[in-house]
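Asks:
In full-length UniProt numbering, the protein residues as written are 1 to 409.
(1) Tell me the DSSP secondary structure of residue 134 in three-state form.
(2) Going by DSSP in three states, residue 161 sits in which element: helix, strand or coil?
(3) Using a Cβ-Cβ cutoff of less than 7 Å, which residues in the same chain neighbour residue 353 once the five nearest sequence positions on both sides are dropped?
(4) For residue 139, I'd like the list of residues in its chain whose CB is within less than 6 Å of its CB, leaving aside the five on either flank, ordered along the chain.
(5) Whose CA, out of 186, 338, 315, lies closest to the CA of residue 291?
(6) Please report how far the alpha carbon of residue 119 lies from the alpha carbon of residue 351, in whole angstroms.
(7) Within this structure, are the beta carbons of residue 389 and residue 186 separated by less than 8 Å?
(8) Got a sec? Which residues, its chain only, sit under 6 Å from residue 195 by beta carbon, not counting five neighbours each side?
(9) Between the region 226 to 244 and the region 165 to 175, are three or more C-beta pairs nearer than 8 Å?
(10) Put residue 383 into one of helix, strand or coil per three-state DSSP.
(11) The alpha helix (DSSP H) with residue 307 in it runs from where to where?
(12) Please name the residue, chosen from 156, 106, 162, 123, that lies closest to residue 148 on a Cα-to-Cα basis.
(13) Output needed for residue 319: all residues of its chain with C-beta closer than 8 Å, excluding positions within five of it in sequence on either side, in chain order.
(14) Could you check if residue 58 is buried or exposed, using at least 16 other CB atoms within 10 Å of its CB as the buried criterion?
(15) Whole-angstrom Cβ separation of residue 41 and residue 283, contact assumed at under 8 Å?
(16) Taking Cβ to Cβ, would you say residue 70 is nearer than 8 Å to residue 249?
(17) Can you list, in chain order, the residues of its chain whose CB lies under 7 Å from that of residue 382, leaving out five sequence neighbours each side?
(18) When you compare only the Cα positions, how much space is there between residue 207 and residue 182?
(19) Roughly how many whole angstroms lie between the Cα atoms of residue 89 and residue 127?
(20) Sort 405, 37, 359, 82 by Cα distance to residue 231 and report the nearest one.
(21) Between which two residues does the alpha helix (DSSP H) holding residue 326 run?
(22) Please report the residue range of the alpha helix (DSSP H) in which residue 180 lies.
(23) Can you have a look at residue 300 and say buried or exposed, based on whether 16 or more other CB atoms are within 10 angstroms of its CB?
(24) Does any C-beta atom of chain C lie closer than 8 Å to the C-beta of residue 374?
(25) Using only the alpha-carbon positions, how far apart do residue 212 and residue 293 sit?
Shown next as structure tokens:
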């Protein structure tokens, strides 16, 4: 799928360029496309310079959190909830511990740790699956909640905004938090309806009701603030949360007798390797998106959508952020490239760039998650997993656009 998407960018760009040359007489279009390829290759390296530092720094602190037992504690805290949501999984089965550990790692932004743990959890669930080629209810719920991607600290989004010169990289912290909460809630409810899960179970309600009350009260408080105050609050909470967690990791690590400096260096080395491996993908996707933009194909498509949106009487400023939303289900690297390209062309703190950043942080890459998790255990029939995951992703995109109008519109 990713091969077809990447090749498609170049094919569409070529068709658009030929039309501009043969019909419009624009012979300079090919020079613009070639120039865009080299410009985007240079931009990829510039982005990677900051990515090296950010991933190295953050994975160092997160390794301290792992060694201090914070992730394990979160896993134990979430265990009773997942035992109710996955009734076919026996109490005490290793899958429950792995599932809770996976979500705890995702919530803290430990993507590098969450994926291998998630694959182990999927294999453990496969042991309980009576139909090895058909996804079980527990596997579907696990996948959809992974695809909705409730991440409390979108550090990579902050990093991309910082690299593009944002005065306050954490400005989108609250919008992303609200949007990702919406996508996760819709994902959970859609699976619950399909599987007839007992969400009114006392233990489930003990988790969901306090969370809903806190989120509802927080949104009621936000509703009383002006747009300027909302942006300021998002900035303060984003920076305070990020630095507060760093201090929490360090202090708990010290109290647990963790050698925090050595743990930081160990995690930082892993961060360097992760960042290094991302460069080829970033170059590939940024160059493809740059060619698509230079050929005029992207602008032509967005202009068509803009006319339709304007015809309905809606504001059209969000349209320039839609490329990120449209490729997100298929490719995380393509969505990342679209986000960076939007920041480049529209301005890092422009409304479309803020919407694109919020969309990028609100959900995961549905078809990639589906392929990796189900493919690892030989699942061929996904049942309602795709529909529920895409519904959650759509809810995240709609919520991201709505919240950005609320905060920045």
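Cβ coordinates follow ideal geometry from the N, Cα and C atoms, glycine included.
Replies: Let me lay it out:
(1) In the chain shown, counting from the first residue as 1, residue 134 sits at position 134. Note: residue 134 maps to strand in three-state DSSP.
(2) For the purposes of this step, residue 161 is identified with residue 161 of the chain shown, where counting begins at 1. Helix.
(3) As a working mapping, residue 353 is identified with position 353 in the chain shown. Correct list, in chain order: 342, 343, 346, 347.
(4) What you label residue 139 is simply residue 139 of the chain shown in a count that begins at 1. Correct list, in chain order: 125.
(5) Start at 1 with the first residue of the chain shown, and residue 291 comes out as number 291. Looking at the Cα atoms, 338 is the closest of the given residues.
(6) The sequence position of residue 119 within the chain shown is 119, counting from 1. The sequence position of residue 351 within the chain shown is 351, counting from 1. When rounded, the distance between both Cα atoms is 37 Å.
(7) Locating residue 389 in the chain shown gives position 389, counting from the first residue. Locating residue 186 in the chain shown gives position 186, counting from the first residue. No, these two residues do not count as a Cβ contact at 8 Å.
(8) Translated into positions along the chain shown, residue 195 becomes position 195. Counting only Cβ-Cβ distances below 6 Å, and skipping sequence neighbours, we find 137.
(9) yes
(10) On the chain shown, residue 383 is found 383 positions in, with the first residue counted as 1. Three-state DSSP puts residue 383 in coil, outside helix and strand.
(11) Sequence index remark: in the chain shown, residue 307 carries index 307 (1-based). Counting along the chain, the alpha helix (DSSP H) containing residue 307 begins and ends at 297 to 311.
(12) Along the chain shown, one-based indexing puts residue 148 at 148. Relative to residue 148, the option among 156, 106, 162, 123 whose CA is nearest is 106.
(13) Taking the first residue of the chain shown as position 1, residue 319 is located at position 319. Exclusion of the five residues before and after residue 319 leaves 302, 305, 306, 309, 352 as the residues of its chain whose Cβ lies within less than 8 Å of its Cβ.
(14) Residue mapping note: residue 58 aligns to position 58 of the chain shown, counting from 1. Classification for residue 58: buried.
(15) For the purposes of this step, residue 41 is taken as residue 41 along the chain shown, with counting starting at 1. For the purposes of this step, residue 283 is taken as residue 283 along the chain shown, with counting starting at 1. Confirmed, Cβ separation roughly 6 Å.
(16) Position 70 of the chain shown, counted from the start, is the residue given in the question as residue 70. Position 249 of the chain shown, counted from the start, is the residue given in the question as residue 249. Yes; because the gap between Cβ atoms is below 8 Å, this pair is in contact.
(17) Along the chain shown, read from residue 1 onward, the residue named residue 382 stands at position 382. Closer than 7 Å at the Cβ level, and outside the excluded window around residue 382, lie 135, 370, 374.
(18) The count along the chain shown starts at 1 and reaches residue 207 at position 207. The count along the chain shown starts at 1 and reaches residue 182 at position 182. Whole-angstrom Cα-Cα distance: 16 Å.
(19) If you number the chain shown from 1, residue 89 lands on position 89. If you number the chain shown from 1, residue 127 lands on position 127. Spanning the two alpha carbons is a distance of roughly 10 Å.
(20) What you label residue 231 is simply residue 231 of the chain shown in a count that begins at 1. The candidate whose alpha carbon is nearest that of residue 231 is 405.
(21) The sequence position of residue 326 within the chain shown is 326, counting from 1. Segment 322 to 327, the alpha helix (DSSP H) holding residue 326.
(22) Here residue 180 refers to the residue found at position 180 when the chain shown is read from its first residue. Element bounds for residue 180: 173 to 195.
(23) If you number the chain shown from 1, residue 300 lands on position 300. Classification of residue 300: exposed, given that the 10 Å Cβ count is below 16.
(24) Any reference to chain C falls outside this structure, which holds one protein chain only.
(25) Position 212 of the chain shown, counting from 1, holds the residue named residue 212. Position 293 of the chain shown, counting from 1, holds the residue named residue 293. Near 42 Å, if we compare the C-alpha coordinates of residue 293 and residue 212.
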